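K.L.:
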Amino acid sequence: MTTFYDNPTGHIAANDTSVPVERVYGLRIEECTESQLRALDQLYRSLPGWIDYLDGIPHWFGRTGTVPALSASVEPSGLIVSGTVPVGAWESWDTRFRQGTAGFPSFEV
847 MTTFYDNPTG HIAANDTSVP VERVYGLRIE ECTESQLRAL DQLYRSLPGW
897 IDYLDGIPHW FGRTGTVPAL SASVEPSGLI VSGTVPVGAW ESWDTRFRQG
947 TAGFPSFEV
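Numbering (the numbering used here), first residue to last: 847 to 955.
#1: Can the beta-carbon of Leu925 be found less than 9 angstroms from the beta-carbon of Ala918?
#2: How many whole angstroms separate the CB atoms of Val913 and Ala860, which I take to be in contact at a CB cut-off of 8 angstroms?
#3: Cutting at 7 angstroms between CB atoms, please list the residues of its own chain near Arg942, excluding the five before and the five after it.
#4: Just to confirm, are Ile872 and Thr848 a CB contact at a threshold of 9 angstroms?
#5: Which residues share a DSSP beta bridge with Trp896?
#6: Could you tell me the alpha carbon to alpha carbon distance between Gly946 and Leu886, rounded to whole angstroms?
#7: Please list the terminal residues of the continuous beta strand (DSSP E) segment that includes Arg869.
#8: Would you report the Cα separation of Glu876 and Ser952, rounded to the nearest angstrom?
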């Protein structure tokens with residue numbers, strides 16, 4: 847079962863030290879329990895590059911509009927993580943995120 851897909855990233859500015867990312871995870875955030883939402887917050891904070899919530903949006907590596915910078919948003923299509931990640935950091939970030947959300951309500955994409 848595939849629970850994520852990647853959107854094209856041609857619209858995301860990157861540089862020699864970062865890679866563009868726009869991944870959609872098939873998570874049903876609206877169906878998460880309070881305990882799962884707390885676990886998601888703890889997972890966010892434990893991921894490489896954690897900055898903080900800026901205007902209520904979780905950020906890693908930098909603020910939106912800078913390179914690198916990664917943020918997440920809940921959309922009808924799932925949880926979208928987009929921005930740029932330092933070269934070599936994406937695989938670890940993504941693996942840890944998928945492991946940390948393995949028991950969350952999700953749908954196949």
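We treat Cβ as the ideally placed atom computed from N, Cα and C, and that holds for glycine. Computed from a predicted structure; not experimentally measured.
P.N.:
The relevant details are as follows:
#1: yes
#2: 6 angstroms
#3: These residues qualify, in order along the chain: Leu893.
#4: Note that residue 872 is Gly in the sequence shown, not Ile. It is a contact, given that the beta carbons lie within the stated cut-off.
#5: Trp896 pairs with Trp906.
#6: The alpha-carbon atoms of Gly946 and Leu886 are separated by roughly 8 angstroms.
#7: Ser864 to Tyr871
#8: 10 angstroms
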